[in-house]
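Here the structure is laid out as structure tokens; the discussion comes afterwards.
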Amino acid sequence: MTPAVRIGVGVIVAIGLLEMALSSIAALTGMSSWSQRFTELTRIEPSTSLRLGLGIVAGVAAVTLAVGFARPTWFIVGGVLLTADAGAVLVRQLYLGDSGSSLIPYALFTACGLVAIGAGALTR
Numbered sequence: 000m001t002p003a004v005r006i007g008v009g010v011i012v013a014i015g016l017l018e019m020a021l022s023s024i025a026a027l028t029g030m031s032s033w034s035q036r037f038t039e040l041t042r043i044e045p046s047t048s049l050r051l052g053l054g055i056v057a058g059v060a061a062v063t064l065a066v067g068f069a070r071p072t073w074f075i076v077g078g079v080l081l082t083a084d085a086g087a088v089l090v091r092q093l094y095l096g097d098s099g100s101s102l103i104p105y106a107l108f109t110a111c112g113l114v115a116i117g118a119g120a121l122t123r
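Sequential numbering of the sequence shown, starting at 0, is according to numbering that gives the first Met the number 0.
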């Protein structure tokens, strides 16, 4: 990869990492704003076990994406977790018929996960 592409990939993966870290903190600490936003987007009231499970997945995704900057093959693991986490919300939104600006954040995070997977695969 050229230096410009590496920088671009780094910025995109950093966006995903930041989202996963913040989401993990919010979910694991039980912030009401996280639960309200999740309910608005998916129309599912998160149980404690769902909230903790999603928080753990987001935390592992953040850690593996951070490790990926030193060992790029870890981008694959983090990218899969990020894509699964954000992609599930995006698919649920599409299933419910959401449109417009409500789809943008989770489409962006899903794309960040796909870029991380690609970057990890290309550097192997």
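Just so you know, even glycine gets a beta-carbon here, dropped at the ideal spot from N, CA and C.
Contacts around residue i, its chain only, beta-carbon distance under 7 angstroms, and the 5 residues preceding and following it disregarded
| i | result |
| --- | --- |
| residue 59 | 80 |
| residue 15 | 64, 81, 108, 111, 112, 115 |
Chain-order list of residues whose beta-carbon lies under 6 angstroms from that of residue i (same chain, five-residue window excluded)
| i | result |
| --- | --- |
| residue 37 | 45 |
| residue 26 | 33, 50, 53, 54 |
Enclosing alpha helix (DSSP H) for residue i [first to last residue]
| i | result |
| --- | --- |
| residue 0 | Run containing residue 0: none; DSSP gives neither H nor E here. |
Close Cβ partners of residue i (< 8 angstroms) along its chain, the five nearest in sequence each way excluded
| i | result |
| --- | --- |
| residue 102 | 89, 92, 93 |
| residue 6 | none |
| residue 105 | 40, 85, 86, 88, 89, 92 |
| residue 20 | 57, 58, 61 |
CA-to-CA distance, residue j to residue i, given in whole angstroms
| i | j | result |
| --- | --- | --- |
| residue 67 | residue 74 | 5 angstroms |
| residue 139 | residue 33 | As displayed, the chain neither begins before 0 nor continues past 123, which places residue 139 out of reach and without an answer. |
| residue 48 | residue 82 | 21 angstroms |
| residue 70 | residue 22 | 23 angstroms |
| residue 8 | residue 65 | 13 angstroms |
| residue 120 | residue 72 | 7 angstroms |
Neighbour-count burial assignment, residue i, 16 or more Cβ in a 10 Å radius
| i | result |
| --- | --- |
| residue 98 | exposed |
| residue 11 | buried |
Sequence ranges, alpha helix (DSSP H) only - wholly within the stretch 30-117, length at least 4: 31-41, 47-67, 73-94
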